[in-house]
Amino acid sequence: MYIKIFKSGNPYGIKYVFLFLSLLFVTFSNSYGQQLIEGSPISEGFSPDRLKRIDSMIHSYTDNDHKVAGVVAIVARHGKIIYYKAAGYNDIKASKAMKRDDLFRIASQTKAVTGVAAMILFEEGKFLLDDPVSKYIPEFKDMRVLDKFNPEDTTFTTVPAEKEITIKNLMTHTSGIDYAIIGSPEAKAIYAKYGVPVGFEPRHITLAEGMQRLAKAPLLFQPGSQYRYGLSIDLLGYLVEKVSGMSLKDFMEQRIFRPLGMNDTYFYIPESKQSRLAKPYKWEKDGRKIEYFSTDSSGANSIYPLVKGSYYSGGAGLVSTAKDYATFLQMLANE
1 MYIKIFKSGN
11 PYGIKYVFLF
21 LSLLFVTFSN
31 SYGQQLIEGS
41 PISEGFSPDR
51 LKRIDSMIHS
61 YTDNDHKVAG
71 VVAIVARHGK
81 IIYYKAAGYN
91 DIKASKAMKR
101 DDLFRIASQT
111 KAVTGVAAMI
121 LFEEGKFLLD
131 DPVSKYIPEF
141 KDMRVLDKFN
151 PEDTTFTTVP
161 AEKEITIKNL
171 MTHTSGIDYA
181 IIGSPEAKAI
191 YAKYGVPVGF
201 EPRHITLAEG
211 MQRLAKAPLL
221 FQPGSQYRYG
231 LSIDLLGYLV
241 EKVSGMSLKD
251 FMEQRIFRPL
261 GMNDTYFYIP
271 ESKQSRLAKP
281 YKWEKDGRKI
291 EYFSTDSSGA
301 NSIYPLVKGS
311 YYSGGAGLVS
321 TAKDYATFLQ
331 MLANE
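In my numbering, the protein residues as written are 1 to 335.
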């Protein structure tokens, strides 16, 4: 079962997103220990012949012109894996085949893990969802909001925020915070002035340093007035650090990854496993081929999981395997 908690445009409505977040802590404490095991498709109500259609679909993308470089697909039900295959290439140029345990940059799927981390602390009574963020991170007190922006020279004016950013605002992307990497032109220009991280961070700064830079930049709209996909979950990850007294990496390792047996999920990959990281690709401008990229126009750099970094992006920073993330999703699906 796959539930995407945070999605640009939020078609399900904020109230449904928030309801799901509120339910996370109800199931999480009873979900530890269940490891996904190989099972029989028939015993779990699946037709082996129909599952073969997945093979055909995957190979239609990975074969010949490599519409997709490589794929790892996994289907699980009731804690049992009934389909688990790899196809295509981890590295096209090297003709290196994709393997089931290869590592992927999971980008925004990190957000769901950070949401769980925050709700663990909520369950423990460490904060209320309507608490202002500034109660725990004082730098976000008395925020300013963008009023006017001049695209020619990127100067801008601001007005005072009418209300404080709450933790609920962070969880529902209604904080007024945008993205430095895929945000509005105003956000890209303003965040660049303040050195706000893009999320895929190879530089040696800490999450605290990155969020302190964000606190100096104006909000893009009044808190609670709009939905905007952005760095809110990076800030939520920093809140986890402040409230728990641990780095986000250590908190996730101790409270989520180890209990669930997610042994291949990291912010920065140990050297012994770096060869398993799949190379990222994108379409060329002519629309016909895909190519490896190291740094794109946004400033994001694909090498970020391979450095010994210290910026633990709660919104985009994790690397994982299909099986590890399926284990995490099974935990969410457990009742």
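Each residue gets a CB set at the ideal place from its N, CA and C atoms; glycine is no exception. Source: prediction; values computed, not measured.
query                                                                                                                                                                                      : result
Going by DSSP, what residues sit across from Val159 in a beta bridge?                                                                                                                      : Val145
In terms of alpha-carbon separation, which member of Asp65, Asp286, Thr265 lies closest to Arg276?                                                                                         : Thr265
Keeping to the same chain, check which residues put their C-beta closer than 6 Å to that of Ser232; ignore five residues upstream and five downstream.                                     : Leu170, His173, Ser175, Ile177
If you compare alpha carbons, which of Val68, Glu38, Ala215 is closest to Trp283?                                                                                                          : Val68
Using only alpha-carbon positions, find the residue among Lys111, Ile81, Ala76, Thr62 that is nearest to Gly88.                                                                            : Thr62
Smallest Cα separation from Tyr268: which of Asn150, His204, Ser56?                                                                                                                        : His204
What is the DSSP secondary structure of Val307, reduced to helix, strand or coil?                                                                                                          : coil
If we ignore side chains and look at the alpha-carbon of each, how far apart do Asn30 and Ile256 end up?                                                                                   : Low local confidence applies: a pLDDT of 42 at Asn30 is under 50, so the model's placement there is unreliable, and no value is given.
Does DSSP classify Leu219 as helix, strand or coil?                                                                                                                                        : strand
Identify, in the order they occur along the chain, each residue of the same chain with its Cβ nearer than 6 Å to the Cβ of Asp91, setting aside the five sequence neighbours on each side. : Lys279
In its own chain, which residues sit with a C-beta less than 6 Å from the C-beta of Ile3, not counting the 5 before and 5 after it?                                                        : Residue placement at Ile3 cannot be trusted, given a pLDDT of 32 that sits under 50; the coordinates are not used to answer.
Express the C-alpha separation of Gln254 and Ser95 in angstroms, rounding to a whole number.                                                                                               : 37 Å
Looking only at C-alpha atoms, which of Thr114, Thr206, Phe328 sits nearest to Asn263?                                                                                                     : Phe328
Going by the CB atoms, is the gap between Gln35 and Ser320 shorter than 9 Å?                                                                                                               : no
According to DSSP, is Val71 helix, strand or coil?                                                                                                                                         : strand
Please report the straight-line C-alpha distance between Ala189 and Thr154, rounded to a whole angstrom.                                                                                   : 6 Å
Where does Ala316 land, buried or exposed, given buried means 16+ other C-beta within 10 angstroms?                                                                                        : buried
Restricting to Cα atoms, I'd like to know which of Asp102, Ile303, Ile120 is closest to Asp324.                                                                                            : Asp102
My assumption, with CB atoms under 8 Å, is that Pro223 sits in contact with Ile165. Please give the rounded CB distance.                                                                   : 5 Å
Alpha carbon to alpha carbon, how far is Thr206 from Ser60? Give it in angstroms, no decimals.                                                                                             : 42 Å
Going by beta carbon distance, what residues of the same chain come within less than 7 Å of Met1, once the five residues before and after it are set aside?                                : Residue placement at Met1 is poorly supported in this model, since its pLDDT is 31, which falls under 50; the coordinates still yield a value, given next. Closer than 7 Å at Cβ, skipping near neighbours: Leu329, Ala333.
Give me the Cα-Cα distance between Phe140 and Lys216, rounded to the nearest whole angstrom.                                                                                               : 8 Å
From Arg144 to Lys168, what distance separates their C-alpha atoms?                                                                                                                        : 19 Å
Assuming Ile54 and Tyr83 form a contact by the criterion Cβ under 8 Å, report the distance between their Cβ atoms to the nearest whole angstrom.                                           : 6 Å
Which full runs of the beta strand (DSSP E) of 3+ residues lie inside the stretch 50-129, going along the chain?                                                                           : 70-77, 80-91
Extract the residue ranges of the alpha helix (DSSP H) inside the stretch 229-292, only unbroken runs of 4 or more that lie entirely within it.                                            : 232-244, 248-252
Thr114: buried (16+ other C-beta within 10 angstroms of its C-beta) or exposed?                                                                                                            : buried
For Phe127 and Ile42, what's the separation of their Cα atoms in angstroms?                                                                                                                : 46 Å
Can you give the Cα-Cα distance for Asp75 and Pro218, rounded to whole angstroms?                                                                                                          : Residue identity differs from the one stated: residue 75 is Val in this sequence, not Asp. Taking the straight line from one Cα to the other gives about 43 Å.
In whole angstroms, what separates the C-alpha of Glu162 from that of Met252?                                                                                                              : 34 Å
In the structure shown, what three-state DSSP assignment does Phe25 receive?                                                                                                               : At Phe25, the pLDDT of 40 sits below 50, so the modelled position is not reliable; the number obtained from the coordinates is stated separately. Helix at Phe25.
Per DSSP, what kind of secondary structure is Pro138 in: helix, strand or coil?                                                                                                            : helix
Buried or exposed: Lys249, going by 16 or more other Cβ atoms within 10 Å of its Cβ?                                                                                                       : buried
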